[in-house]
Amino acid sequence: MATYESFEELQVWQKARRLVREIYAVSKNSAFGRDLGLRDQIRRAAVSVMSNVAEGFERGGTGEFVQFLSLAKGSAGEVRSQLYVAHDQGYLSPEEFDQLASLASETSRLISGLMSYLRKSGVKGTKFKAL
262 MATYESFEEL
272 QVWQKARRLV
282 REIYAVSKNS
292 AFGRDLGLRD
302 QIRRAAVSVM
312 SNVAEGFERG
322 GTGEFVQFLS
332 LAKGSAGEVR
342 SQLYVAHDQG
352 YLSPEEFDQL
362 ASLASETSRL
372 ISGLMSYLRK
382 SGVKGTKFKA
392 L
């Protein structure tokens, strides 16, 4: 795996950013936009995915990064669950639901893959490098 200088370079962060954009776009619409509780919760969960990837990366330690990736993965699951609520309430078409659920699942799989790689890599992280 390549060495990354910033979290913005990570495919998983880029995918999470796309998830946030799409969740915000769809949750602006009609009844979904008026369901303030669900709208705000699904947005917070999506932002949490992206934010936890970034925060974990910036910590500089592999163990901490894996811990934050685990939080991000949980938030991706939360997004998927809330998509079911939105779909069941008629806020999303079947196509919108399928597309967003697929994006959230793909993000979760990328997170899992990165976690697995980091656990096996033996790399401790940049904060452990000798000065």
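In this text, residue positions in the sequence shown follow our numbering: the first is 262, and each later residue adds one. For every residue, glycine included, the Cβ atom is placed at its ideal position computed from N, Cα and C. Here the structure is a predicted model, which is why all the values come from computation and not from measurement.
Distance, Phe318 Cα to Gln343 Cα: 27 Å
Nearest neighbour of Tyr285, chosen from Glu270, Gln350, Ser366 and Asp301 [CA to CA]: Asp301
Cα-Cα separation between Phe329 and Arg304, rounded to whole angstroms: 18 Å
Val340 beta carbon less than 8 Å from that of Ala307: yes
Which of helix, strand or coil DSSP assigns to Val287: helix
Thr368 versus Ser267, Tyr265 and Arg278, residue with shortest Cα-Cα distance: Arg278
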